[in-house]
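Notes for the one structure printed next.
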Amino acid sequence: MKSQSKNKANMVECVAALRVLDDASSRLLSSKRLADAVRSMDEALLLARTMYPAGSKELHLRSTSLLDTINTLSLQLINSGKTDEAHPYLSRALQVVGERKDEVAAVTFNNAACFYRKKKKLRTALLFLDKAFNIERSLPVSANPSGTLLNMAAVTSELGRHEEALSLGKRSLVYLQRELAEETARLRSWGEVTENATLLNKYSVLAVAFHNVGCECEHLHLDEQAIEHYSKGAEIAEFYLGRSSDVTYVRIWP
6 MKSQSKNKAN MVECVAALRV LDDASSRLLS SKRLADAVRS MDEALLLART
56 MYPAGSKELH LRSTSLLDTI NTLSLQLINS GKTDEAHPYL SRALQVVGER
106 KDEVAAVTFN NAACFYRKKK KLRTALLFLD KAFNIERSLP VSANPSGTLL
156 NMAAVTSELG RHEEALSLGK RSLVYLQREL AEETARLRSW GEVTENATLL
206 NKYSVLAVAF HNVGCECEHL HLDEQAIEHY SKGAEIAEFY LGRSSDVTYV
256 RIWP
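For the sequence shown, my numbering puts the final residue at 259, and the numbers step up evenly by one.
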């Protein structure tokens, strides 16, 4: 009886402590203090692991929230030039991901790839991109398999493996055009196709993808294919984004 009472008292204390941490995390997230929020959420996850069984919905939801916050923070740090500061957060995210093979795991691997590319560790970046793509292509609905392929092509090109980069670039075109067709059909059913921001962004990426494939063709002295892909990229950019667009001017009309 004493043991049961003690266990019950411990559980009550843990629940109370978890509530305090959750409240603190919510306040920190609301005030955009992401680094402090990560510490609070991580502490809450570690405490929750003493209270709930492995594989439980509670732990899954908590780890997902923590990963989402770490990914947001680490990408902010990388994009603001504070790449080294992102490393401990990404290392923790990779620990939390474990054996997950879902969208948040793919985002984490993509962010890790971004970090290692910035650090010029291209082969490590490519390994993480490959992990991300293998997850994304297995999901029924995934946000970014084409983008991951584009990044794989870019990193492979930086490694001087232009035939492989060309193959990856062409695969990204297939994925992008499929995604565009699906998105257009979905928006048309809602009557929202005209100048939809998501759709225009996809066309922007598609224009750049054609341009990048053209670059790889040029590396391989496939001049006719290069001209064909450059022209297609320019056509898409000018038609959907306008001649004054940065994509059209900077990437297509150098």
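No residue lacks a Cβ here, since even glycine has one placed at the ideal position from N, Cα and C.
Straight-line Cα distance separating residue j from residue i
i    : j    : result
E187 : K207 : 12 Å
N15  : L23  : 12 Å
G238 : Q182 : 13 Å
Q230 : L155 : 18 Å
D47  : R32  : 15 Å
T55  : E63  : 12 Å
A91  : F120 : 8 Å
D28  : C222 : 55 Å
G174 : A214 : 7 Å
S194 : K87  : 43 Å
E21  : A59  : The amino acid occupying residue 21 in the given sequence is Ala; Glu does not appear at that position. If I take the Cα positions, the gap works out to 21 Å.
Residue range of the alpha helix (DSSP H) that includes residue i
i    : result
P93  : T88 to V102
S237 : Here residue 237 is Lys; the residue named in the question, Ser, does not match the sequence. Taken as a continuous stretch (DSSP letters only), the alpha helix (DSSP H) holding K237 covers D228 to L246.
Distance between beta carbons of residue j and residue i, contact taken as under 8 Å
i    : j    : result
N115 : L134 : 7 Å
V43  : S68  : Contact doesn't hold; Cβ gap of about 12 Å is too wide.
L82  : L50  : Rounded, the Cβ-Cβ distance is 21 Å, inconsistent with contact.
T130 : A118 : According to the sequence provided, residue 130 is Ala. The question's Thr does not apply to it. Their Cβ separation, rounded to whole angstroms, is 4 Å, which keeps A130 and A118 in contact under 8 Å.
Proximity winner among the options, relative to residue i (alpha-carbon distances)
i    : options                   : result
A170 : S177, V179, Y180 and A158 : A158
K37  : V20, T77, R191 and D27    : T77
A212 : A59, G103 and F244        : F244
I241 : S79, L204, F138 and K126  : L204
G219 : L26, G103 and S172        : S172
Heavy atom of the ligand SAM within 6 Å of residue i beta-carbon
i    : result
L204 : Among the ligands in the structure shown, none appear at all, so the ligand SAM cannot be discussed.
CB contact below 7 Å: residue i versus chain C
i   : result
T69 : Going by chain labels, chain C is absent from the structure shown, which holds only one protein chain.
At 3 residues or longer, what runs of the beta strand (DSSP E) sit wholly inside the region 120 to 202?
If we require 3 residues or more, the region 120 to 202 turns out to have no beta strand (DSSP E) run fully inside it.
Mind pulling the alpha helix (DSSP H) runs of 4 or more residues that sit fully within the region 31 to 83?
With a minimum length of 4 residues, the continuous alpha helix (DSSP H) runs that stay inside the region 31 to 83 are 39 to 53.
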